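This report concerns only the one structure given below.
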Amino acid sequence: MREYFKLTFFHLSHLIKSVLRKKSMQFTSSGISIYENKEVALLTQHAKEKVIVPVLNLALACRVKHVTGYDTDRLGTFTRDILRQDTQIEAARQKARIGMKLSGLSLGIASEGSFGADPFTGMLPWNVEMLTWIDDKHDIEIVAMSQGESNLAHILTNSWEEIELFAQQAGFPEHYLVVRPESENDTRILKGISDWDALKEAFVWAHNESQNNLIFVETDMRAHANPKRMQNIRLAAEELAKKISSTCPACNAPGYWIVEHLTGLPCQACGTATHEIRAEVYGCCKCMHRVTLERSGSTYANPGLCEYCNP
Ligand SMILES: [Zn+2]
Ligand SMILES: [Zn+2]
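Going by numbering that gives the first Met the number 0, the first residue of the sequence shown is number 0, and it counts up by one from there.
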């Protein structure tokens, strides 16, 4: 009996020691973050550093370094002159990798935006911003996203009055415009138009160039040309900072965050499981640690959302 206890105690203490050893091998929890004073490469040419750098430096005490020397438009533009070949996240990864290579750093960050219709009604112009954080030393990637309404719009017309109205509705001149003669894919293009005089000049130029008398005007969606989008990038950076600051309770790795939403919140009237979220699963991006947290505040779903009560 005594031998048995000795053995289990030995095994238990051995197990605890090995867990602790693993823990200290990978990450330590001293200081603000494991990225304190670490240099991070940020490749961008559209002034995204203005919103990304202050957010991450403040939250993580790291030193985000603005890397230049590569034309990121080569990976795709919003004006269709160069089409993006990869998915949004893959394009962000590619930029981060190029920035890391150019700077020789093992930490990199990059962002990539996309535009389309909103996922709820399909009627509003929508912007999704993705940010990726790549840490080669610890073999970690952390991705954050922010989405919201955008001012994405275009007009094909020969009327200055219509263009004037379009510009006002698009938030011009704070939000820049792009002008082309004839059609949306014409290669003659003026980007970054940022004041009324320049817009009028562009109108006259496009009108003279145009064979069909039409002028194509659209919103300039590059980050420095679009404060609405810039704000979304800032929100994505804040989300990323939160994710990186959240460390795994088991191994201390950064990026401990929601990996799954569990539905099935019971209906308040009949108790049937609904499609409403009842819990979130938090997971580590490095070890297998997972914790399910029931959502506080809502224990039952509104019967209006129940397929049995409200089919
Ligand atoms: Zn019900
Ligand atoms: Zn972990």
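All residues carry an ideal CB built from backbone N, CA and C; glycine is no exception. This structure is a prediction, so every number in the text was calculated from the model and none was measured.
| Asked | Found |
| --- | --- |
| Does the beta-carbon distance from Asn211 to Arg79 come in below 8 Å? | no |
| Is any heavy atom of ligand 2 found at a distance shorter than 7 Å from the C-beta of Lys285? | yes |
| Touching or not, the region 35 to 47 and the region 97 to 104, by the rule of three or more beta carbon pairs under 8 Å? | yes |
| Where Thr156 and Val178 are concerned, what is the direct C-alpha to C-alpha distance, given to the nearest angstrom? | 11 Å |
| Using beta-carbon positions only, say whether Ser149 and Glu128 come within less than 8 Å of one another. | no |
| To which residues of the same chain is Gly147 closer than 7 Å at the C-beta, ignoring the five residues directly before and after it? | Asn126 and Asn231 |
| In or out: Phe119 buried (at least 16 other Cβ within 10 Å) or exposed? | exposed |
| So Leu176 is in the beta strand (DSSP E); what residue range does that whole segment cover? | Leu176 to Pro180 |
| Check whether the Cβ atoms of Ile214 and Phe202 sit closer than 8 Å, and answer yes or no. | yes |
| Less than 7 Å between the CB of Cys61 and some heavy atom of ligand 2, yes or no? | no |
| Give me the Cα-Cα distance between Tyr281 and Leu292, rounded to the nearest whole angstrom. | 8 Å |
| List the DSSP bridge partners of Thr43. | DSSP, once it has assigned bridges, lists no residue as partnering Thr43. |
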